[in-house]
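In our numbering, the protein residues as written are 106 to 272.
C-beta atoms are modelled at their ideal positions from N, C-alpha and C, and glycine is treated no differently.
The structure under discussion appears below in the form of structure tokens.
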Amino acid sequence: MTPDAIRKVGQLRQEFYQRFTAAMNVPVNISSAYTGNFSIASWIDDSYRMNYVCIYACAAPDALILERPLLLRVAINRGAGAVSATKWGKSCQGLNRSWQFELTLLPEEVLDFLPWVVHLIKSRSKEAALTIVVPPHPIDFKPSYPRSFDNAWSHSAGSKIATQFLS
106 MTPDAIRKVG QLRQEFYQRF TAAMNVPVNI SSAYTGNFSI ASWIDDSYRM NYVCIYACAA
166 PDALILERPL LLRVAINRGA GAVSATKWGK SCQGLNRSWQ FELTLLPEEV LDFLPWVVHL
226 IKSRSKEAAL TIVVPPHPID FKPSYPRSFD NAWSHSAGSK IATQFLS
């Protein structure tokens, strides 16, 4: 990744996590980045399971391909080995492995999607009423297996990457 892309991802991640913490209305722990890893935001749900969200670049310009678009992924409960439930104490019943979601976006869309992501997370709560919220930008679901809706791309991100592959 280019230094500019690294800086942009870091700034967006920090701002997203700060706003996410305020919007969730539950204690959220933002982990520090370790060598080779990125920071994550984690919380305990109504079932006392730990959940987490992380933001990372899934495509980025680098020294070989400067024209590659910067695409960010907002991942919820993906890559369970990346976090430790021990820091949450005895009330935590382990990681929430019952659902996962990934959303691929352009950098300029990430903060727009924050309220939608928070609503998606809260709708998974056993106390939440199921309501449909229109995303701030059009998205396409990319099922990882039939009848699965655990992976979505914004139209803009899909178009950007398709254009990159066609050129």
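In its own chain, which residues sit with a C-beta less than 6 angstroms from the C-beta of residue i, not counting the 5 before and 5 after it?
i: Ala257; result: Leu208, Ile244 and Phe246
i: His260; result: Pro243
i: Ala110; result: Ala165, Pro166 and Leu175
i: Val133; result: Thr126, Ala146 and Trp148
Throw me the rounded Cβ distance for the residue i and residue j pair, which I believe falls under 8 angstroms.
i: Cys163; j: Leu171; result: So it is not a contact: roughly 17 angstroms between Cβ atoms.
i: Thr107; j: Asp167; result: 6 angstroms
i: Gln317; j: Arg178; result: The chain is shown from 106 up to 272; residue 317 falls before or after that span and cannot be answered.
i: Ser144; j: Arg118; result: 7 angstroms
How far does the alpha helix (DSSP H) with residue i in it extend, from its first residue to its last?
i: Ala110; result: Pro108 to Met129
Classify residue i as helix, strand or coil using the three-state DSSP reduction.
i: Trp204; result: coil
i: Thr236; result: coil
i: Phe292; result: A query on residue 292 cannot be resolved here, the shown segment of the chain reaching from 106 to 272 and no further.
i: Ala165; result: coil
i: Leu176; result: strand
i: Ile170; result: coil
i: Ala185; result: In this prediction, Ala185 has a pLDDT of 48, which is less than 50 and means its spatial position is unreliable; what the coordinates show is noted afterwards. Looking at Ala185 - three-state DSSP - the assignment turns out to be helix.
i: Leu211; result: coil
i: Ser259; result: strand
Give every residue of the same chain whose Cβ lies closer than 8 angstroms to the Cβ of residue i, excluding the five residues on either side of it in the sequence, and list them in chain order.
i: Ser264; result: none
i: Ser113; result: At residue 113 the sequence reads Lys, which differs from the Ser that was named. Closer than 8 angstroms at the Cβ level, and outside the excluded window around Lys113, lie Leu175 and Pro212.
i: Ser230; result: Asp150 and Asp151
Please list, in chain order, all residues of the same chain as residue i whose beta carbon is under 7 angstroms from its beta carbon, the five residues on each side excluded.
i: Pro174; result: Ala164, Lys265, Ile266 and Gln269
i: Phe201; result: Looking at the sequence itself, residue 201 is Asn, so the reference to Phe does not match. Only Asp150, Arg154, Met155, Asn156 and Asn182 meet the Cβ criterion.
i: Ala185; result: With a pLDDT of 48 at Ala185, under the threshold of 50, the predicted position of this residue should be treated as unreliable, though the coordinate-derived value follows. Around Ala185: Leu200 and Arg202.
Is the shortest distance between the beta-carbon of residue i and the beta-carbons of chain C less than 8 angstroms?
i: His224; result: Of the protein chains in this structure there is only one, and it is not chain C.
I'd like the span of the beta strand (DSSP E) that includes residue i, first residue to last.
i: Val62; result: The structure shown does not extend to residue 62, since the chain is modelled only from 106 through 272, so no value can be given for it.
i: Ser147; result: Ile145 to Ile149
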